[in-house]
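Engineer: To start, I am sharing the structure in question, which I have written as structure tokens.
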Amino acid sequence: MSPRAVQEYGLDSAGYHFEHGTEDACIRRFLDALDERRWVVMPFWHPQALHLHHRIRRLQDPLAMLGATDNATVLVRRDAEELIGAAALADLAQLYLGNALVADLDDKVRRRTSTPYTNFSR
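Residues 1 to 122 in UniProt numbering are what the sequence shown lists, from first letter to last.
See below:
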């Protein structure tokens, strides 16, 4: 979602607006909207742990404003390449986990943190 998408789809004339924010703020607003039984449009992506706990509908995007499907990519600092090794980096580059597994991993990592938005069961 972007300010341009809100405008191109005419959502601004229906009272919608785009707000930049942190991931924490985005998740908190989503959970607050659920608690208050309010309609909300959120730019959540796959994989994302919230998809494991809530039915989040994908927006139809005939104008292709929201971008393509996300893919996870291995990122390594240059100073760590030698430590990891070329063979391991090549293996990691070929690794495909898929959205379901990455969402599950995201959920497990979030549950080990102390941030308040890790309780997705609300």
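In this text, a Cβ means the ideal position worked out from N, Cα and C, and glycines have one as well.
Determine the burial state of His51: buried for a count of at least 16 other Cβ atoms within 10 Å of its Cβ, exposed for fewer.
Structural biologist: The residue given as residue 51 occupies position 51 in the sequence shown. With 16 or more other Cβ atoms within 10 Å, it is buried.
Engineer: Going by CA-CA distance only, name the one from Asp32, Gln48, Arg38 and Ala14 that's closest to Arg110.
Structural biologist: The count along the sequence shown starts at 1 and reaches residue 110 at position 110. It is Gln48.
Engineer: Can you tell me whether Ala49 is helix, strand or coil according to DSSP?
Structural biologist: Along the sequence shown, read from residue 1 onward, the residue named residue 49 stands at position 49. Coil.
Engineer: So, helix, strand or coil for Asp61, using DSSP?
Structural biologist: Here residue 61 corresponds to residue number 61 of the sequence shown, with the count starting at 1. Coil.
Engineer: Do you know offhand how far Glu19's Cα is from Leu101's?
Structural biologist: Position 19 of the sequence shown holds residue 19. Position 101 of the sequence shown holds residue 101. One C-alpha to the other measures close to 29 Å.
Engineer: Flag Leu11 as yes if its beta-carbon sits less than 8 Å from any beta-carbon of chain D, otherwise no.
Structural biologist: Of the chains in the structure shown, none is chain D; there is only one protein chain.
Engineer: Cα-Cα, which of Asp12, Ile56 and Asp107 is closest to Ala33?
Structural biologist: What you label residue 33 is simply residue 33 of the sequence shown in a count that begins at 1. Looking at the Cα atoms, Ile56 is the closest of the given residues.
Engineer: For the segment 81–91 against the segment 28–42, are there 3 or more C-beta pairs whose distance is under 8 Å?
Structural biologist: no
Engineer: Give me the Cα-Cα distance between Tyr14 and Val6, rounded to the nearest whole angstrom.
Structural biologist: Counting from one through the sequence shown, the residue named residue 14 turns up at place 14. Counting from one through the sequence shown, the residue named residue 6 turns up at place 6. In the sequence under discussion, the amino acid at residue 14 is Ala, which differs from the Tyr named in the question. About 10 Å.
Engineer: Would you report the Cα separation of Asp35 and Thr113, rounded to the nearest angstrom?
Structural biologist: Translated into positions along the sequence shown, residue 35 becomes position 35. Translated into positions along the sequence shown, residue 113 becomes position 113. Spanning the two alpha carbons is a distance of roughly 22 Å.
Engineer: So what's Val74 in DSSP terms, helix, strand or just coil?
Structural biologist: As a first step, residue 74 is located in the sequence shown; it is residue number 74 there, counting from the start. Three-state result, Val74: coil.
Engineer: Compare the C-alpha of His54 against each of Gly67, Phe30, Leu66 and Arg77 and name the closest.
Structural biologist: Residue mapping note: residue 54 aligns to position 54 of the sequence shown, counting from 1. With distances taken between Cα atoms, His54 lies closest to Phe30.
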